[in-house]
Amino acid sequence: MARNISASSFSAVTGWGLAALATLCAPCAHADTVSVAVAANFTAPMQKIAAAFEADTGHKAELSFGATGKFYAQITHGAPFQVLLAADDTTPARLEREGKAVANAGFTYAIGALVLWSAQPGYVDAQGAVLQTGDFKHLAIANPKLAPYGLAAVQAMDKLGVAARLQPRLVQGENIAQTFQFVSTGNAPLGFVALSQVMVDGKVAQGSAWQVPSQLHDPIRQDAALLLPGKDSAAAAALLKYLRGDKARAIIKGYGYGF
22 MARNISASSF SAVTGWGLAA LATLCAPCAH ADTVSVAVAA NFTAPMQKIA
72 AAFEADTGHK AELSFGATGK FYAQITHGAP FQVLLAADDT TPARLEREGK
122 AVANAGFTYA IGALVLWSAQ PGYVDAQGAV LQTGDFKHLA IANPKLAPYG
172 LAAVQAMDKL GVAARLQPRL VQGENIAQTF QFVSTGNAPL GFVALSQVMV
222 DGKVAQGSAW QVPSQLHDPI RQDAALLLPG KDSAAAAALL KYLRGDKARA
272 IIKGYGYGF
């Protein structure tokens, strides 16, 4: 038997439905896209953070990965990035001084860790003695002029007293991602990479590694910068806030970074 629904009942039901729909769509009501230049070492965690950020806020992060030094050159030549997640703290500070980033909007989003890594199990010992005793042809590092992890590797070798002896064996990646590729494919038997590239769920996922003691190099403070094209972007502001939240920090910590 058919039921008659009064106009007032229909209106109430329809009103409730519209209200529920509005609530569900609230995060996406003013959704926007933020263009982010991301240091290569932060690729894996930022991909996870971006997915969570979009799910939680409705905003989308459009990510570009590369060397911090190259991003600096692109930004100074007008690249329309809105946020920079650098592999150091000096580049964001420099961009602020040069008027390319919003003053006092940046912060340290992570402190990186350097590891000597080989894709071969047992190749790198727990004390890194392979640098002194190993008979290897190539040692991969990132370009120290462009990549802070490459500079940290040079500093560590200097302090260990092996820099001069190992210099002829060095092969340089343009950034830390390419350096990791050299080692993971076996083109270099070992190399200095970011801990985040080999750590999954708090442990080294494959191969063998020695985490370089932090006292052997300058702290790898990775700072975020709000660039001028993102000054009035709600998505850029939301992303910078999200990076300081518990969910993002849990992801960052899971890849071996500190704060």
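With the numbering used here applied, the sequence shown corresponds to residues 22 to 280, in that order. All C-beta atoms, glycine included, are put in the ideal place defined by N, C-alpha and C. Quick caveat, the model's predicted, so the values are computed rather than measured.
Short Cβ contact (8 Å threshold) for residue i with residue j
i	j	result
Ile-241	Ala-173	yes
Asp-244	Ala-107	yes
Pro-189	Gln-141	no
Tyr-263	Gly-133	no
Pro-113	Gly-127	yes
Val-183	Gln-153	yes
Phe-161	Val-192	The residue you asked about is not Phe; residue 161 is Ala in the sequence shown. A contact, by the Cβ cut-off of 8 Å.
Leu-135	Phe-213	yes
Ala-56	Phe-102	Checking the sequence, you will find Ser at residue 56 rather than Ala. It is a contact, given that the beta carbons lie within the stated cut-off.
Ala-177	His-80	no
Whole-number beta carbon distance between residue j and residue i, since they are thought to touch under 8 Å
i	j	result
Val-104	Leu-261	7 Å
Ala-215	Tyr-170	5 Å
Ala-246	Ala-61	Rounded, the Cβ-Cβ distance is 17 Å, inconsistent with contact.
Lys-268	Ala-76	Their Cβ separation, rounded to whole angstroms, is 10 Å, which puts Lys-268 and Ala-76 out of contact at 8 Å.
Residue from the options with nearest C-alpha to residue i
i	options	result
Gly-223	Asn-208, Ala-271 and Gln-188	Ala-271
Ala-15	Ala-163, Ala-73, Ala-82 and Ala-72	Residue 15 falls outside the range modelled here, since the chain spans only 22 to 280, and no answer is possible.
Leu-137	His-238, Ala-230, Ala-255 and Gly-251	Ala-230
Gln-68	Val-225, Pro-234 and Gln-218	Gln-218
Glu-119	Val-225, Ala-198, His-238 and Leu-249	Leu-249
Gly-275	Phe-203, Ala-226, Thr-54 and His-238	Ala-226
Gly-207	Ser-139, Gly-266, Thr-54 and Lys-252	Ser-139
Asp-109	Tyr-130, His-80 and Gly-228	Tyr-130
His-159	Gly-228, Phe-203, Thr-97 and Thr-78	Phe-203
Gly-228	Ala-147, Thr-111 and Asn-125	Ala-147
Phe-86	Gly-266, Glu-195 and Ala-255	Glu-195
Lys-252	Pro-66, Asn-125 and Leu-84	Asn-125
Gly-149	Gln-232, Met-220 and Val-175	Gln-232
Lys-180	Phe-157, Glu-117, Gln-236 and Thr-111	Gln-236
Thr-111	Ala-65, Lys-166 and Leu-187	Lys-166
Buried or exposed (CB count within 10 angstroms, at least 16 for buried), residue i
i	result
Thr-89	buried
Phe-280	exposed
Pro-234	exposed
Asn-164	buried
Ala-71	buried
Lys-121	buried
Thr-200	buried
Thr-78	buried
Gly-266	exposed
Ala-259	buried
Met-22	Summary for Met-22: the model assigns pLDDT 45, below 50, so the residue's position carries little reliability, and this model does not support an answer.
Ala-185	exposed
Ala-94	exposed
Met-220	buried
Thr-44	Low confidence applies to Thr-44: its pLDDT is 44, below 50, so where it sits in the model is not reliable, and the reading given next is rough at best. So Thr-44 ends up on the exposed side.
Cross-strand partners of residue i (DSSP beta bridge)
i	result
Ala-58	Ser-85 and Leu-105
Val-145	Its beta-bridge partners do not exist; DSSP assigns none.
Asp-244	Thr-129
Phe-213	Leu-137
Ala-202	Rather than Ala, the amino acid found at residue 202 in this sequence is Gln. Partner(s): none; Gln-202 has no beta bridge.
Leu-152	For Leu-152, which the question treats as bridged, DSSP gives no partner whatsoever.
Lys-224	Val-221
Val-192	Ala-161
Ser-229	Ser-139
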